[in-house]
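Going by this note's numbering, the sequence shown runs without a break in its numbering and finishes at 873. Using N, Cα and C, we set each Cβ at its ideal position, and we do this for glycine too.
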Amino acid sequence: METATKSPRKFPPKSPRWARIAAISVGGLILLLIIVWLLAGWYINNHKQQLLERLTSSVSEHIDGKFTIRDMDPAFFKGFPDVALELQDVALSDSTDKGNHRPLMQFKSVYVKFNLFSLIGGNPQVSKITLRDGQINLFTDSTGFTNGYLLKKKPGSKPKKNKKEVHIASFSLDNILFTFDHKIKNKKIQVLIKEFDGASTERNNVMHIVAKTWMHIGQLGFNLAKGGYLTDKDFKGKMRLVFDREKGQLQLPFQQLLIGGTPMKLSATFDFKSQKPGFKIEVDAAKISYKESLSILSKSIADKLKRFNLSKDIALQVSLNGKFTSPDTPLVHARWQTTSNDFQTNFGVLKNASFAGSFNNEVVPGRGRGDDNSAVTVNHLTANYLDIPIIADSIQLLNLKHPLLDFQLRSGFPVARLNTALNQTFNFTKGSADLKIHYHGGVATHDTLGHQIIGGLKIKNAAFTYVPHQIHFTEGNIDLDFNGSDLVINNSTLSTGNSDIELHGIARQFLNVYFDDPQKASFEWYLHSDTLNLAEFKGLTQVKGNKSAAQQRRQYHKVNERLALLMETSAMKINASVNRLYYSSFTAKNVKGVLELDQNKIKLAPLTMQFADGSLDAAVSMEPDLTEVPFKLMANLNGINTSKLFYGLDNLGQKTLTSKNIAGDFSGKINIAGKLNNQSAIVKKSLSGKVSFKLKNGELINFAPFETIQKFVFRKRNLDHIYFEPVSNVLTIKNGKVSIPEMNIESSAINLSLNGTYAFGPGTDIGIVVPLRNPQKVAERKAKGLKPKKNKGIVLYLRARDDKNGDVKIVWDPLHKGPDGDKEDK
48 METATKSPRK
58 FPPKSPRWAR
68 IAAISVGGLI
78 LLLIIVWLLA
88 GWYINNHKQQ
98 LLERLTSSVS
108 EHIDGKFTIR
118 DMDPAFFKGF
128 PDVALELQDV
138 ALSDSTDKGN
148 HRPLMQFKSV
158 YVKFNLFSLI
168 GGNPQVSKIT
178 LRDGQINLFT
188 DSTGFTNGYL
198 LKKKPGSKPK
208 KNKKEVHIAS
218 FSLDNILFTF
228 DHKIKNKKIQ
238 VLIKEFDGAS
248 TERNNVMHIV
258 AKTWMHIGQL
268 GFNLAKGGYL
278 TDKDFKGKMR
288 LVFDREKGQL
298 QLPFQQLLIG
308 GTPMKLSATF
318 DFKSQKPGFK
328 IEVDAAKISY
338 KESLSILSKS
348 IADKLKRFNL
358 SKDIALQVSL
368 NGKFTSPDTP
378 LVHARWQTTS
388 NDFQTNFGVL
398 KNASFAGSFN
408 NEVVPGRGRG
418 DDNSAVTVNH
428 LTANYLDIPI
438 IADSIQLLNL
448 KHPLLDFQLR
458 SGFPVARLNT
468 ALNQTFNFTK
478 GSADLKIHYH
488 GGVATHDTLG
498 HQIIGGLKIK
508 NAAFTYVPHQ
518 IHFTEGNIDL
528 DFNGSDLVIN
538 NSTLSTGNSD
548 IELHGIARQF
558 LNVYFDDPQK
568 ASFEWYLHSD
578 TLNLAEFKGL
588 TQVKGNKSAA
598 QQRRQYHKVN
608 ERLALLMETS
618 AMKINASVNR
628 LYYSSFTAKN
638 VKGVLELDQN
648 KIKLAPLTMQ
658 FADGSLDAAV
668 SMEPDLTEVP
678 FKLMANLNGI
688 NTSKLFYGLD
698 NLGQKTLTSK
708 NIAGDFSGKI
718 NIAGKLNNQS
728 AIVKKSLSGK
738 VSFKLKNGEL
748 INFAPFETIQ
758 KFVFRKRNLD
768 HIYFEPVSNV
778 LTIKNGKVSI
788 PEMNIESSAI
798 NLSLNGTYAF
808 GPGTDIGIVV
818 PLRNPQKVAE
828 RKAKGLKPKK
838 NKGIVLYLRA
848 RDDKNGDVKI
858 VWDPLHKGPD
868 GDKEDK
């Protein structure tokens, strides 16, 4: 068995002598630092009261206020290897009672860390200072007292010779509320510093600071009457600051921060030592909602701009340029840009809008920075407004105290695009439109500034329907000109299926009335037509919808609805001249009249025309109601061809005596009232009034009742075509029934006397008395110079009555009952 051989034990090589000396030196130095650090801690802890008094006294020598520290403790392990102190309840306040016990500065904790070697060398350097849970209050009360004097050196205090400024390498502010409150100037700035943790370097009196930042801006209130800027906004990010001690200038170079959750670029400059101390703040947001952008501005400005809105984000740039001395309202410039956005305005929504806008609170330099010298401008706008493509090179909203709107619009488009705006009033199916207008006036509906438009709308080759009354036009060329507040129609032509119209006229104060009270609008048109078919316009007389004026005013709140209200409730006067007018079988020539329409009445007076070989002058009025249309008619007829009269008036709505059965020259006066139904037809039972007439050269041709009489008598006489002497009478109409006083008719073949009632519906009952004596023989006696016989001879009593079918039948009346019942023969 082999014996295992043990190897000799190896030791690590000895370190070089210089390494051992270095290790011992470093260890000794560390031990010395620990000893010094422990001694410093022991000294601070055992001489705390004396150190507090010395520190308080040293600070108080240089300030004119009350500086206090409640307690001080060394922070041994927290600051190692440096020496650290924690001061508790540190405050600087006014030594009088004027400050209302509001300290200039107050901190629950102040942590200060010194470099140990700087203490040993006699030139203490603060490596870090931390302020926690405190407040800084700069105020000026209503009496003018300010605590700002506490920041100045105490009068008479002498600076120490060869004293070097303390440099702070790093710092931290946690939960510190800064408030600047100036009662006289009505200013208040409030910022809660939640976190401000960073470091600083200094060279040539220029300090560079970089800090992780989280601040909450309560408000930047440069004038509380108008509200604060950046109200209730969080600032987050890594902030870079540059402070030039010699110039007294603090700069925030352009850098990106989160403001209210929105990434924005921010820059600021504060000049404290210049001849006119002031500040400049610039904000640039590449993408921000319109609502969020308003929160950057003051409440006063934002409230003015809230009347607008944008559905998508915009690009925004804001510049504030102000002074620390009076006048100190900052100059505000805001600019924004957007594409393909929906722009909400007082006049409606501009869809797919692209434009650049701006706000300026000093339009005229030197006239102050307030609402009355502010303006909102929109440039290079392209959009769709109520489906109408529009272009506006410039839109200005001036004087936000009493806003004045000024803009120019231009557009060319198919006229059917107007339907969205006007579909309650007009509905277009073809044609083109060209729009060029310049608006200048108030924004509000009721505005003392008034409303003016220069320019117009030209519509060519259009087909459309006037919706409220369903009137259809197959061809239209319309030239609308706005002349200030008036609307002028020039050389416009309209055609329906059978009518042609030339139209021009004016609506005075159209815009002011349109905005203020559409019911006060007044139009005066001049209409000429070669041919006019009234059947195509009978919709004008149709009954109204069941809505009160108050309900209509509440409903019409958009552009199209307000125009519909205007057209329905305004007053119109149309001076008409028509060469040929017809309605059903009615035909007239050389018609001249004045038609007046308002919300509750249609009036046509005076009205003159050539009708049925004679003349007619008349006055007509209608009052459209909820169910029927009451009307009144007063007319004078002269030299009227009776056959054409009956034909034109559809035989007066009866079948017994028609245009084929009667001829003669008719003159008369008509004064009747009645109602039209919703189809513009006469409600026969509604007719009442009086008709007086005189008929000359009268003829009856194939008159059916005479054919009935011939069944009984006069079989040898010619009753197919008879001529009769002039006849006149005054007929009274009541509830659709015509009362006929006794009327004698002497003709070439028969004489008769009649009286009774003729009804447009059931109820006709006319008594007819017919002497059997031949009128021809009476004429022959007169021709021979003989006197006619005094007695009537044999008399036949007949009665004309309607049957159950409404047909009038003539029957023998042997008992002479007549239309009023039983009568005694006299």
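Residue i versus residue j - alpha carbon distance
i	j	result
G853	A751	15 Å
I553	I348	40 Å
A468	Y432	9 Å
V423	G531	23 Å
T543	M669	24 Å
A400	K155	55 Å
A618	L428	37 Å
R762	A830	25 Å
V817	S569	60 Å
I116	G413	50 Å
T521	F511	7 Å
L297	L451	40 Å
G112	A138	10 Å
F845	W859	The amino acid at residue 845 is misidentified as Phe; the sequence shows Leu. Distance between the alpha carbons of L845 and W859 is about 5 Å.
Burial state of residue i (16 or more Cβ within 10 Å)
i	result
N420	buried
S272	Note on identity: in this sequence residue 272 is Ala, with Ser being the wrong assignment. The residue is exposed, with fewer than 16 neighbouring Cβ atoms inside 10 Å.
H498	buried
K280	buried
H229	buried
K722	buried
A509	buried
E409	buried
D577	exposed
Top-ranked residue by Cα proximity to residue i, from the options
i	options	result
N524	R457, S706 and T540	T540
Y629	L651, V760, A652 and Q657	Q657
N710	N749, G721, T392 and K856	The question names Asn, but residue 710 is Ala in the sequence shown. Nearest option by C-alpha distance: N749.
L699	N802, Y337, A806 and N393	A806
L197	I231, L151 and K160	L151
S358	Q364, S340, L367 and D375	S340
T35	I518, R848 and I361	Outside the shown range of the chain, which is 48 to 873, sits residue 35, and nothing can be said about it.
G803	N791, P809, I787 and P818	I787
E133	G404, D118, R149 and L742	D118
T372	I231, R354, N393 and D577	I231
V738	L684, K716 and V289	K716
L581	G284, V425, V625 and I442	V625
G395	L862, N821 and R354	R354
V641	N708, E329, Y573 and K702	Y573
T719	V785, V760 and E675	Here the sequence assigns Ile to residue 719, which means Thr is not the residue at that position. Closest by alpha carbon: V785.
K622	T689, M681 and H551	In the sequence on display, residue 622 carries Asn and not Lys. Residue H551 is the option with its Cα nearest to N622.
G783	Q701, S576 and P515	Q701
P310	E329, A333 and D318	A333
F460	T392, K851 and D481	D481
A315	V365, L185 and M262	V365
F713	K731, K741, I780 and W261	K741
S727	S706, A682 and T674	T674
Residues bridged to residue i (per DSSP)
i	result
V296	Checking the sequence, you will find Gln at residue 296 rather than Val. Answer is D291 and D318, bridged to Q296.
Y432	L397 and I435
K758	For K758, which the question treats as bridged, DSSP gives no partner whatsoever.
D180	The partner list for D180 (beta bridge, DSSP) is empty, contrary to what the question assumes.
S668	K650 and K679
F226	According to the sequence provided, residue 226 is Thr. The question's Phe does not apply to it. Partner(s): N184 and Q237.
L267	I236 and Y276
T309	I306
I709	L747
I361	I335
Residue range of the alpha helix (DSSP H) that includes residue i
i	result
F693	T689 to G695
S340	Y337 to L341
D141	Segment: none, D141 is in no alpha helix (DSSP H) and carries neither H nor E.
N466	N466 to L469
Where the beta strand (DSSP E) containing residue i begins and where it ends
i	result
F114	K113 to P121
Check: residue i C-beta below 7 Å from any heavy atom of the ligand MG
i	result
G417	Only the bare structure without any ligand can be found here, which leaves the ligand MG out of the picture.
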